[in-house]
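Going from the sequence shown to the numbering used here is simple: count from 1 and add 5.
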Amino acid sequence: MYKWLPFALVRVTFFYIIGILLGVYVGEFISIDQAFYLTLFLSFLSFISFIVLRKERFVRYNLIFSVLTFITITSFGFYNLKLNDDSLKTNHLSKFNNISAFTAMVDDIGYETDKTYRYLLKAYSVNDDHWQDATGNLYLYLSKDSETQLSYGDVILIKGKPNDLSGPMNPGEFDYKQFLSFKNIDFQYYSTGDNLEIVGSGYGNQMLSKVYEMRNYVVEVLTNAIDTERELNIAKALIIGVKDGLTDDIKQAYSASGAMHVLAVSGLHVGIIYAIVLLVFGRLQSSNYGRWHLAFITVFLLWIYAAVTGFSPSVLRAVTMFTFVAISKASLRTTNIYNTLAASAFVLLLFNPYLIMSVGFQLSYLAVVGIVYIQPKIYHLWIPKAYIADKVWQITSVSIAAQLATFSLGLLYFHQFPTFFLLSNLVVIPGAFLVLLGGIFTIVTSFYAPLSAFIGGLLKWLIFGINEVVFWIEKLPHSIVEDIYINTLETWLIIGVMFCLLMAAQRRSAQLVYVSLALAFCFSVSKWSHIYTNAQQDSLTIYRVNNHLSIEFISKGKSEVYTDSLLFNDQDKMRFHIEPNQLRSGVFRSVLNTRKSDTPFEWLVWKDKKVLILNDRIDLESMEVFGYCNLLILSDNFSGDLALLEGIINFDLLILDGSLKYYRADALLEKAKELNYPVYSVFHDGAYQQII
6 MYKWLPFALV
16 RVTFFYIIGI
26 LLGVYVGEFI
36 SIDQAFYLTL
46 FLSFLSFISF
56 IVLRKERFVR
66 YNLIFSVLTF
76 ITITSFGFYN
86 LKLNDDSLKT
96 NHLSKFNNIS
106 AFTAMVDDIG
116 YETDKTYRYL
126 LKAYSVNDDH
136 WQDATGNLYL
146 YLSKDSETQL
156 SYGDVILIKG
166 KPNDLSGPMN
176 PGEFDYKQFL
186 SFKNIDFQYY
196 STGDNLEIVG
206 SGYGNQMLSK
216 VYEMRNYVVE
226 VLTNAIDTER
236 ELNIAKALII
246 GVKDGLTDDI
256 KQAYSASGAM
266 HVLAVSGLHV
276 GIIYAIVLLV
286 FGRLQSSNYG
296 RWHLAFITVF
306 LLWIYAAVTG
316 FSPSVLRAVT
326 MFTFVAISKA
336 SLRTTNIYNT
346 LAASAFVLLL
356 FNPYLIMSVG
366 FQLSYLAVVG
376 IVYIQPKIYH
386 LWIPKAYIAD
396 KVWQITSVSI
406 AAQLATFSLG
416 LLYFHQFPTF
426 FLLSNLVVIP
436 GAFLVLLGGI
446 FTIVTSFYAP
456 LSAFIGGLLK
466 WLIFGINEVV
476 FWIEKLPHSI
486 VEDIYINTLE
496 TWLIIGVMFC
506 LLMAAQRRSA
516 QLVYVSLALA
526 FCFSVSKWSH
536 IYTNAQQDSL
546 TIYRVNNHLS
556 IEFISKGKSE
566 VYTDSLLFND
576 QDKMRFHIEP
586 NQLRSGVFRS
596 VLNTRKSDTP
606 FEWLVWKDKK
616 VLILNDRIDL
626 ESMEVFGYCN
636 LLILSDNFSG
646 DLALLEGIIN
656 FDLLILDGSL
666 KYYRADALLE
676 KAKELNYPVY
686 SVFHDGAYQQ
696 II
């Protein structure tokens with residue numbers, strides 16, 4: 006029998022996470038008050054069962070207490086999620102209907118995009134007939150043309166109403182609204198600066214203000230020391246987590262080569278900082294007081310580093326874990342690594358239960374568990390005698406272990422697999438160590454500019470060399486397998502297969518092998534069912550893309566996309582709006598057709614469907630009768646009189662597409678309803694999809 010006693014914190018954290026997930030997916034059915042009283046009642050039952058049954062020696066009584074305790078922990082996880090949901094508060098921004106102005110504090114140092122600066126705002130008050138306190142978070146997008154400069158802790162007055170975030174408007178599209186809701190961000194606001202006024206400053210957390218000053222200082226030092234933009238941006242990303250300057254080609258190269266993890270400040274970086282602290286202050290371990298002083302210094306410096314890097318989930322995980330390690334070392338206690346990991350996760354999720362929905366949080370913990378459990382087993386398959394060969398094998402075994410633990414989530418979220426991750430990690434892992442070390446020396450020696458510049462020059466060439474290797478690996482044939490589609494159920498099946506196989510190998514259990522085979526069979530059934538469904542149905546989709554018309558016909562894995570040349574050449578928009586539907590529809594070949602730009606109307610015929618597109622160049626009063634079409638699409642700011650359509654063409658459905666301006670879409674929708682036309686507004690309601 007497997008002994009669970011040494012993993013007490015693992016069990017507690019597991020049931021706590023179950024409660025959080027229940028809150029995420031079914032939380033709308035239970036109010037926060039109901040969750041509170043349920044948790045209180047279960048806590049009371051658990052306490053009574055402990056008092057009554059603590060002297061009983063029968064297993065069934067212990068089981069009763071254990072079950073009650075774990076149900077209570079699950080209920081607490083559910084309640085804590087509700088407690089951390091700002092939208093449930095009575096003075097949340099969503100509770101006001103007639104906001105004409107609001108005040109908010111700038112709660113970060115900003116993020117630079119192509120056309121704007123993005124700031125996180127924390128609402129203070131709103132003017133809804135009268136001024137009153139409010140709460141809630143929103144993103145402010147401030148135009149780069151604005152003369153207004155914002156800093157952390159500024160309080161600003163904005164004349165206007167926060168805008169609701171929109172959900173996904175196309176099939177399979179990334180749900181940005183849900184993504185931000187997990188960060189308690191529910192609104193956004195765009196400003197050119199004209200309707201914005203700074204009414205106060207210095208209202209932020211003073212310690213965070215100092216941390217942000219340190220961050221800006223580090224950026225300034227690196228900027229002065231590294232004189233090439235590409236290497237500077239990678240240094241900022243790798244050392245302190247500032248990713249504003251990373252270009253798409255850099256992200257693509259590191260992603261395709263399997264080295265993207267080094268651009269996200271993670272446990273590797275925290276481990277290096279921890280090792281440096283031990284190297285500098287290690288002598289303090291010789292006495293009892295010295296050990297506690299070392300623990301304090303270690304924890305303080307690690308959390309300062311976490312703050313400077315922006316508190317990313319992977320850094321939070323690593324810093325929290327090393328905090329427990331430092332404290333256990335100071336108290337001379339030996340801890341179970343899995344309990345330490347579980348304790349760090351529990352503490353983080355206690356303060357922010359929504360972290361469980363962070364991809365970085367999930368990948369970080371899975372990677373560490375994989376390294377802790379799988380890496381030693383891989384490493385001991387072959388122990389090289391040569392020093393260099395041993396180090397290479399250590400990095401290789403770590404890479405394999407981390408990849409085995411995380412690749413299922415990688416397929417679910419990113420739909421790709423880097424085939425040369427072993428090769429790239431042999432370069433980027435030691436390279437990241439040297440870059441971080443060089444960055445620290447560059448910063449430490451900044452008081453003497455010539456020395457700092459010299460080290461920065463070495464750092465620049467080191468990063469240049471790493472980049473060249475990464476870009477070379479990206480260009481290798483079949484460096485990345487793309488367009489892999491699996492759903493959440495299939496992800497869990499893959500995880501289940503791997504877990505059962507690992508447990509079967511450890512415990513030499515044939516039964517677990519059979520279970521893994523059964524799970525693999527279920528995975529195959531799910532995939533073949535998906536393939537069969539796609540093969541049996543065709544679809545017509547009119548996408549919702551701002552300022553563009555895009556129509557796609559899909560049949561048996563083959564796709565024809567009809568769109569304008571601007572969208573055709575905008576790979577970011579195509580990847581975000583169009584490709585998710587292609588991926589889940591099993592498209593393996595796609596043909597792109599561009600629209601004619603000089604005609605007032607266009608006919609499309611696909612199978613038995615006739616589609617007519619009218620744009621703003623058409624003159625309905627002088628047009629002859631068109632006949633009949635299944636779908637009539639009004640596009641490109643169409644401005645004709647809808648009443649004239651009745652005598653020109655018969656149609657099954659009128660479509661208002663996403664290329665219309667909002668005022669034209671509103672007017673056309675109102676007029677179509679007035680005329681009793683069957684109408685669907687892609688602009689307002691998202692993509693129109695017809696399964697055939």
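No residue lacks a Cβ here, since even glycine has one placed at the ideal position from N, Cα and C.
These numbers come from a predicted model, not from an experiment.
Check: Beta-carbon gap between asparagine 748 and glycine 141 smaller than 9 Å; Outcome: The question about residue 748 has no answer, for the chain in this structure spans 6 to 697.
Check: Spatial neighbours of threonine 303 in its chain, beta-carbon cut-off 6 Å, leaving aside the 5 residues before and after; Outcome: Val282, Ala331
Check: CA nearest to the CA of tryptophan 297, picked from Ser333, His266, Asn238, Ala269; Outcome: Ser333
Check: Rounded separation between leucine 27 and serine 534 - CA only; Outcome: 28 Å
Check: Whole-angstrom distance between valine 520 and isoleucine 342, CA atom to CA atom; Outcome: 28 Å
Check: Cross-strand partners of asparagine 132 (DSSP beta bridge); Outcome: Ala106, Trp136
Check: Boundaries (first-last residue) of the beta strand (DSSP E) holding lysine 615; Outcome: 614-619
Check: 7 Å CB neighbourhood of aspartate 488 in its chain, flanking five on each side removed; Outcome: His420, Leu588
Check: Where tyrosine 208 sits in the DSSP three-state scheme; Outcome: coil
Check: Alpha-carbon spacing of phenylalanine 19 relative to alanine 515, whole angstroms; Outcome: 27 Å
Check: Cα-Cα separation between aspartate 613 and cysteine 634, rounded to whole angstroms; Outcome: 10 Å
Check: Coil, strand or helix - valine 566 by DSSP; Outcome: strand
Check: Cβ-based neighbour list, valine 224, same chain, cut-off 8 Å, excluding 5 preceding and 5 following; Outcome: Lys241, Ile245, Val247
Check: Serine 196 at chain D interface by Cβ criterion, 9 Å; Outcome: In summary, chain D is missing from the structure at hand, where a single protein chain is found.
Check: Nearest residue (CA-CA) to aspartate 91, options Val275, Ala670, Phe187; Outcome: Phe187
Check: Proximity winner among Leu649, Leu674, Asp232, relative to asparagine 642 (alpha-carbon distances); Outcome: Leu674
Check: Contacts around glutamine 290, its chain only, beta-carbon distance under 7 Å, and the 5 residues preceding and following it disregarded; Outcome: Arg296, Leu299
Check: Nonlocal neighbours in the same chain, by C-beta distance under 7 Å from lysine 601, ignoring five residues either side; Outcome: Glu607
Check: Beta-carbon proximity of phenylalanine 329 to glycine 276, cut-off 9 Å; Outcome: no
Check: Delimiting residues of the beta strand (DSSP E) encompassing tyrosine 144; Outcome: 142-148
Check: Separation of asparagine 430 from alanine 407, as counted between CA atoms; Outcome: 11 Å
Check: Exposure of tyrosine 7, with buried meaning 16 or more beta-carbon neighbours within 10 Å; Outcome: With a pLDDT of 49 at tyrosine 7, under the threshold of 50, the predicted position of this residue should be treated as unreliable, and no value is reported.
Check: Simplified DSSP assignment, three categories, for tryptophan 611; Outcome: strand
Check: Length at least 4, wholly inside the stretch 45-99: the alpha helix (DSSP H) runs in chain order; Outcome: 64-88
Check: Which of helix, strand or coil DSSP assigns to lysine 127; Outcome: strand
Check: One or two residues paired with proline 423 in a DSSP bridge; Outcome: Ile485
Check: Backbone CA spacing between valine 31 and aspartate 191 [nearest angstrom]; Outcome: 19 Å
Check: Rounded separation between isoleucine 78 and leucine 43 - CA only; Outcome: 11 Å
Check: DSSP state of isoleucine 231 mapped onto helix, strand, coil; Outcome: coil
Check: Touching by the beta-carbon criterion (3+ pairs, under 8 Å), the stretch 226-238 and the stretch 455-470; Outcome: yes
Check: Cβ shell of lysine 166 (< 6 Å), same chain only, five flanking positions each side left out; Outcome: Ile104
Check: Limits of the alpha helix (DSSP H) - the one that valine 29 falls within; Outcome: 13-31
Check: Between the CA atoms of alanine 509 and valine 219 - distance to the nearest angstrom; Outcome: Inspection of the sequence shows that residue 219 is occupied by methionine rather than by valine. Computed Cα separation, rounded: 50 Å.
Check: Cβ neighbour criterion (16 or more within 10 Å) applied to serine 36; Outcome: exposed
Check: Within 9 Å, strictly: CB atoms of glycine 82 and glycine 24; Outcome: yes
Check: Given 8 Å, three or more beta-carbon pairs between the stretch 208-219 and the stretch 441-449; Outcome: no
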